[in-house]
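Under the UniProt record's numbering, the first residue of the sequence shown is numbered 1, with each subsequent residue one higher.
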Amino acid sequence: MQIYIVPTYNCNLRCKKCYSRKHLTKFPNYLSWNKFIDIFRFFELRYNNFSFIGGEPTIWKFINESILFLHNKDKYVTIFTNGIAPLNVMPNNLIINGNNIFNPELKNTIIRNLSFYKNNSAKIRLRFNITENFKKEIIQEAVKLSKKFADSISISILYPIENGINYGKIIFELAAKLYSESIPITISRATPFCLFTQKQRDFLISNCKLKGKCFLPTNSLVINPDGQTIQPCVELYMNHNISELSTNQPKKVFGKDLLKIKSNREIKCNTCEFYLKDVCWGGCLSYPLSDSKIVL
1 MQIYIVPTYN CNLRCKKCYS RKHLTKFPNY LSWNKFIDIF RFFELRYNNF
51 SFIGGEPTIW KFINESILFL HNKDKYVTIF TNGIAPLNVM PNNLIINGNN
101 IFNPELKNTI IRNLSFYKNN SAKIRLRFNI TENFKKEIIQ EAVKLSKKFA
151 DSISISILYP IENGINYGKI IFELAAKLYS ESIPITISRA TPFCLFTQKQ
201 RDFLISNCKL KGKCFLPTNS LVINPDGQTI QPCVELYMNH NISELSTNQP
251 KKVFGKDLLK IKSNREIKCN TCEFYLKDVC WGGCLSYPLS DSKIVL
């Protein structure tokens, strides 16, 4: 189980399709230090993997102190960041949004920070969110940057997706080129199997950990900036209180909410061979279902 702490939904960028803005009205304030300590104490005996996500966690004034605090408690720390604001304390793992590097106004800043992290032996994972703008030249640039800076790569579709775009082909081409350079790749979120041809699916399952079935709420838990409200992932807002976890497992806390989503998937996917074999639920449960299917 990965514990995701959202210290803020504020950000120093405004990216298209980002989920943060829709949560910011519910949680406008930053996480306090005392609330952070309360969160840690609640989970410290049960879990060792803590992640900071946003918004942009590097703009939280306690981010460096919190990394140091967790390291002193022998916890594994991951930071999700857009790469704009550098950290002073290195986490165990940095997951950096690689798409922003393709923005000419941001590229030099992010490259400078990537070089800084690399020189300080940080473990870097570049994350590429696949959009309709991920053209051939972007794929080439992504591979070039990955060879220079990344220890590993994660790939996911940025929803909602545009009709008429072959996302499966884009993911496969990027993954195949990265794989040929011996760079470890993970398709980081459950992705509909029907977006890929059989050849593409086989390759991505074997080499890039492609899965079509979302494992919420057994793999992640998100704590919002109020230090009280929890949800199974950053994109699925479900109004539950952290105190519910004192007597129940996450599966029971979020069970009814997730069942409603799965029921909607069943209506649309009940004739799909992958759904019937229980290997695909139409991808991540936070994704709206797409009509873009290939299945060859």
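For every residue, glycine included, the Cβ atom is placed at its ideal position computed from N, Cα and C. Since this is a predicted model, take the numbers as computed values, not measurements.
- Residue pairing by DSSP places F172 in no beta bridge whatsoever.
- Under the three-state reduction of DSSP, Y76 is assigned to strand.
- Of the candidates L245, I230, K75, the residue whose Cα lies closest to the Cα of N239 is I230.
- In the three-state reduction of the DSSP assignment, F52 falls in the strand class, which pools E and B.
- According to DSSP, residue pairing for L126 in a beta bridge involves I96, I153.
- Between I39 and E65, the alpha-carbon positions lie close to 15 Å from each other.
- Of the candidates S180, N120, L158, G164, the residue whose Cα lies closest to the Cα of Q140 is S180.
- Contact check for L13 and I84: beta-carbon distance about 7 Å, within the 8 Å limit, so the pair qualifies.
- DSSP, read as helix, strand or coil, puts G255 in helix.
- Non-local beta-carbon contacts of L178 in its own chain, meaning distances under 7 Å to residues more than five positions away in sequence, involve V143, S146, I153, I185 in chain order.
- Pairing N100 with N82 gives a Cβ-Cβ distance under 8 Å.
- Counting only the Cα atoms, F196 lies some 31 Å from G55.
- Restricting attention to K277, I261, K211, G227, the CA atom closest to the CA of I242 is found in G227.
- Taking 8 Å as the cut-off, the Cβ atoms of S220 and C208 do not count as close.
- When the alpha-carbon of I96 is set against those of A150, I165, P225, the nearest one is in A150.
- In the DSSP annotation of this structure, the continuous segment of the alpha helix (DSSP H) that includes T109 starts and ends at 107 to 119.
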